[in-house]
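> Below is one structure. I have some questions about it.
Numbering (this note's numbering), first residue to last: 21 to 281.
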């Protein structure tokens, strides 16, 4: 069975975690397959990506059965993080197009934080988000300690990280952890519609928005103002800017190509 399924919809792709018998928990094979799928999504013809999970849960994080340790020695979990999880988060954040995540069921541990690495997260009403690391004596990884305080504030971040209690999709949306909630039977159709819409938008401009927001987390206001100037200069030179202005003046719907030149 393929650990990752790829459904090419032309201008966008659905990438599905496909280990439903293990709640799509990560083993090495799934890591490598997902990295390859996201690398393939750099194709300029692909203008948006939808990430979701097969079966009854999005992702339960690391498959603990896949961590092998020699008898009498302690594991080096940092190797797994450095080899797989950190590159994955960087790959999602660095992809020059929108990444939508549809969370069905449970998103736990690294699975929750990989969802948070995506640009827009839609969760089924029955979904749960769990920073489960503290239950086994670990620290939130895959960007968890960076995403949580920025999205929901320090107090809530500490509560989720230290208590490892699940929160509902509704709570996640109310706190600003995710974009929105969908009824279970509408999750995929709404996520697909959102991704398809993004694939018709000015892709270069969206990529520059991602770049600006990523820099803002560690930037001063003066530095960010300068970056906005520079990125706006780039955006203003794209065919989609010219098309957007022409469509606005002509009172018609724009037809964006997503091309840089």
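All C-beta atoms in this analysis are idealised placements derived from N, C-alpha and C, irrespective of residue type, glycine included.
All of these numbers come straight from a predicted model, not from anything done at the bench.
(1) How should residue 302 be labelled, buried or exposed, when 16 other C-beta atoms within 10 angstroms of its C-beta is the threshold for buried?
(2) With H, G and I counted as helix, E and B as strand and the rest as coil, what does DSSP make of residue 119?
(3) Spatial neighbours of residue 193 within its chain, please: C-beta separation below 8 Å, excluding the five flanking residues on both sides.
(4) If the criterion is Cβ atoms closer than 9 Å, does the pair residue 204 and residue 124 meet it?
(5) Mapping the DSSP letters down to three states, classify residue 81 as helix, strand or coil.
(6) Do residue 219 and residue 32 have their C-beta atoms closer together than 9 Å?
(7) For residue 280 and residue 150, I'd like the C-alpha separation in whole angstroms.
(8) Would residue 35 and residue 71 be called neighbours here (beta carbons separated by less than 9 Å)?
(9) Taking Cβ positions, are residue 66 and residue 126 nearer each other than 9 Å?
(10) Do residue 119 and residue 97 have their C-beta atoms closer together than 9 Å?
(11) Taking a contact to mean a Cβ-Cβ separation below 9 Å, would you say residue 75 touches residue 130 in this structure?
(12) To the nearest angstrom, how far is the alpha carbon of residue 87 from that of residue 48?
(13) Please report the distance separating the alpha-carbon of residue 22 from that of residue 275.
(14) Using CA atoms only, rank isn't needed, just tell me which of 273, 114 and 175 is closest to residue 232.
(15) Across which residues does DSSP place residue 25 in a beta bridge pair?
(16) Per DSSP, which residues does residue 46 bridge with? Please list them.
(17) Alpha helix (DSSP H) containing residue 191: first to last residue?
(18) Return the chain-ordered ranges of every beta strand (DSSP E) run that is complete within the stretch 109-160 and spans a minimum of 3 residues.
(19) Along the chain, where does the beta strand (DSSP E) containing residue 267 start, and where does it finish?
(20) Taking the beta carbon of residue 183 as the centre, do at least 16 other beta carbons fall within 10 Å, making it buried, or is it exposed?
(21) Just the C-alpha distance for residue 163 and residue 42, rounded to the nearest angstrom, thanks.
(22) What three-state label does DSSP hand residue 87 in the structure shown?
Well, looking at it:
(1) Missing from the structure shown is residue 302; the chain here goes from 21 to 281 and no further.
(2) Reduced to three states, the DSSP call for residue 119 is strand.
(3) Same-chain partners within the cutoff: 143, 199, 200 and 201.
(4) In this structure, residue 124 lies closer than 9 Å to residue 204 by Cβ.
(5) Coil at residue 81, not helix or strand.
(6) Yes, they are a contact pair.
(7) The alpha-carbon atoms of residue 280 and residue 150 are separated by roughly 39 Å.
(8) Yes, the Cβ-Cβ distance between residue 35 and residue 71 is below 9 Å.
(9) Not closer than 9 Å, so no.
(10) No; because the gap between Cβ atoms is not below 9 Å, this pair is not in contact.
(11) The Cβ-Cβ distance between residue 75 and residue 130 does not fall below 9 Å.
(12) Residue 87 and residue 48 have their C-alpha atoms roughly 9 Å apart.
(13) Using only the alpha carbons, I get a separation of about 36 Å.
(14) Of the candidates 273, 114 and 175, the one whose C-alpha sits nearest the C-alpha of residue 232 is 114.
(15) Beta-bridge partners of residue 25 (DSSP): 36.
(16) According to DSSP, residue 46 bridges with 82.
(17) First-last of the alpha helix (DSSP H) with residue 191: 189-195.
(18) DSSP runs (the beta strand (DSSP E)) wholly in the stretch 109-160: 119-123, 126-128, 140-144 and 148-150.
(19) For residue 267, there is no enclosing beta strand (DSSP E); the enclosing alpha helix (DSSP H) has its first and last residue at 259-269.
(20) Classification of residue 183: exposed, given that the 10 Å Cβ count is below 16.
(21) So the two alpha carbons sit approximately 23 Å from each other.
(22) Here residue 87 carries a coil assignment [DSSP, helix/strand/coil].
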